[in-house]
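Count the sequence shown with our numbering and you get residues 889 to 1281, in order.
Reviewing the structure listed below.
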Amino acid sequence: MSEALRAMPAGAGKLTIRDVTAYAVSFPVDAAGSVQLGVGRTVKRDAVVVKVTTECGLVGFGESHHGRAHTTIAHFINTALRDMALGQDAGDTVGLWRKIYKSQLQGMGLGAACVLAMSGLDMALWDIRGKAAGLPLYRLLGAQRRALPAYAGGVALGWQEPELLADEAQRHVESGLKAVKLRIGDTPERDLARIRAVRKRLGDGIEILTDAMMSYRLDDARKVVPAMDELGVGWLEEPFAAHDYQNYETARAFGRVAFAAGENHYTRFEFTRLLETNAVSILQPDLSKAGGITEVLRIAALASAYHLPVHLHSSMTGINMAATIHVMTALDNAGYFEADVSRNNHFRDTLVRMPYRVDAEGCVHAPDGPGLGVEVDEDFIAAHPPIEGPAYR
Ligand SMILES: [Mg+2]
């Protein structure tokens, strides 16, 4: 064996998958931490954590978005996907993605459950690949550590009285962030009152982004979009359901504010359709939803060909947040990182230790350990079994 081969880390060869286990986890949200959004008021948080172990003893973690059916997603991983993954090479992320695509997506459609499930599995494999190579994920993907601008997002900045919302937005700006995302999708009048109050409080130097969480009708958008242009809003996210392509195209004529979408679009195939509308210019795939790191790299390349930025969505656990920063560090068309400013998110602060901090310039940096660079507290998982029922009421 050559010197070069002898110098390879022990795990950098074949990484046979020995085990795959998904855990559905939950914690209740008390009244003080609850936020009213376009999809309801938060009453609990759910997540799905995926653990993959290789024959050589490496362990990788990923997150599948819960899809409002966290125990179902975990069960799907622990049965169908586990069967397909055991004995496969964890380093062959493209091959395993193709195998699942052929078995499930090609014939059964791009329905969310399988894509959510395979997203967490794929993320765990990339964690293993980084650990096997002894490199942080962003290095594995071909990048240097660099600052990424972040905005105040996550489950926060909801349907409050305008002045209370301005108070909250101001606190986030005082912590260093230069952009905030407001949850709208209430009535056009109340939404615009909130945006006006925040603009007045923060001045013109702070970017205001908005998210209607699919709650608008065309007439709502007709009223809101021209006013958003006057108020200098940076983007209007998901005014309509992900599949209402016609509405996005019709509403495009109402004004100039950029439309954002993608957190509820799956795989490069749905993003191709989204790009072809020419109505959405801010793309927001989520690594834990759209098909994992393997697939989001493809989606980002597609967007790059259209000269469009990619602002990855993330909201639940620090596992996905860390992965998101790594991947965005390595994209040449990365936009904002969505910094989760929600209160008491134990999936961000305790399941893993908070994987980033916002600096004085409003930027974040990727963790520097191998793989995703986070340590998952398995005692936390054991102590937080799933709670059934809706997360929003
Ligand atoms: Mg959103």
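Here a beta-carbon is modelled for each residue, glycine too, at the ideal position from N, C-alpha and C.
Here the distance from the Cβ of GLU1151 to the nearest heavy atom of ligand 1 is below 7 Å. If you check the CB distance, VAL1113 and ALA1081 do not come in under 8 Å. Each residue's CA atom was taken as its position, placing GLY1223 and CYS1251 some 12 Å apart. A Cβ-Cβ separation of about 16 Å leaves VAL913 out of contact with VAL931 under the 8 Å criterion.
Looking at the DSSP output, PRO916 sits in a beta bridge with LYS932.
Ranked by Cα distance from VAL936, the options HIS958, GLY948, PHE915 are led by HIS958. ASP907 and ALA1130 have their C-alpha atoms some 35 Å from each other.
Put simply, the backbone Cα of ARG1110 is about 16 Å away from that of ILE1083. Non-local C-beta neighbours of LYS902 in its own chain, meaning closer than 6 Å and more than five positions away in sequence, comprise ASP977, ordered along the chain.
Contact check for LEU1171 against GLY1206 fails: the beta carbons are separated by 8 Å or more. HIS1060 sits away from ALA1085, with the two beta carbons spaced by 8 Å or more. Using a C-beta cut-off of 8 Å, the region 1010–1021 makes no contact with the region 1040–1053, since fewer than three inter-stretch Cβ pairs fall below that distance.
The Cβ-Cβ distance between ASN1233 and LEU1196 does not fall below 8 Å.
Assignment of beta-bridge partners to PRO1024 by DSSP yields GLY1259. Separation of the CB atoms of SER991 and VAL1246 is rounded to 41 Å, and the pair is thereby denied contact status at 8 Å. Check the Cα spacing between GLU1051 and each of GLY1150, ALA1188, ARG1087, GLY1259: the tightest is with ARG1087. Not one heavy atom of ligand 1 sits closer than 7 Å to the Cβ of GLU1137. If one requires a minimum length of 4 residues, the alpha helix (DSSP H) runs lying completely within the region 1095–1174 are 1106–1119, 1133–1139, 1155–1165, in chain order.
If you look at ARG1186, you'll find it isn't in any beta strand (DSSP E); it sits in the alpha helix (DSSP H) that goes 1180–1193. Taken in chain order, the unbroken stretches of alpha helix (DSSP H) that lie wholly in the region 1205–1278 and span 4 residues or more are 1206–1217, 1234–1237, 1266–1271. The shortest CA-to-CA distance from TYR989 to any of MET1242, ARG1241, GLU1183 is the one to GLU1183. With a cut-off of 7 Å, the C-beta of MET1209 is classified as distant from ligand 1, since no heavy atom of the ligand falls inside that distance. Inter-residue distance for ASN966 and THR1098 is about 37 Å (C-alpha atoms, whole angstroms).
Residues ALA1188, VAL1198 of the same chain have their beta carbon placed closer than 7 Å to that of LEU1219, with the five preceding and five following residues left out of the count. Annotation: PRO1197 is outside any alpha helix (DSSP H) and is labelled neither H nor E by DSSP. In this structure, the C-beta of GLU1095 stays at least 7 Å away from each heavy atom of ligand 1. Taking the Cβ of MET1101 as the reference point, at least one heavy atom of ligand 1 falls within a distance shorter than 7 Å. Relative to ALA1227, the option among ARG986, ILE1072, LYS1066, ARG1033 whose CA is nearest is LYS1066. In the DSSP assignment, no residue is bridged to ILE965. Per DSSP, reduced to three states, the secondary structure at ILE1072 is coil, with no helix or strand assignment.
At a Cβ-Cβ threshold of 8 Å, PRO1173 and HIS1201 count as neighbours. For ALA1057, the uninterrupted alpha helix (DSSP H) run begins and ends at 1050–1062, by DSSP. In the same chain as LEU1106, and ignoring 5 residues on each side of it, the C-beta atoms closer than 7 Å to its own belong to ASN1135, THR1138, ALA1139, in chain order. Residue pairing by DSSP places ALA1031 opposite no residue, since no beta bridge is assigned to it.
Between MET1101 and GLU1126, the C-beta gap is smaller than 8 Å, which places the two residues in contact.
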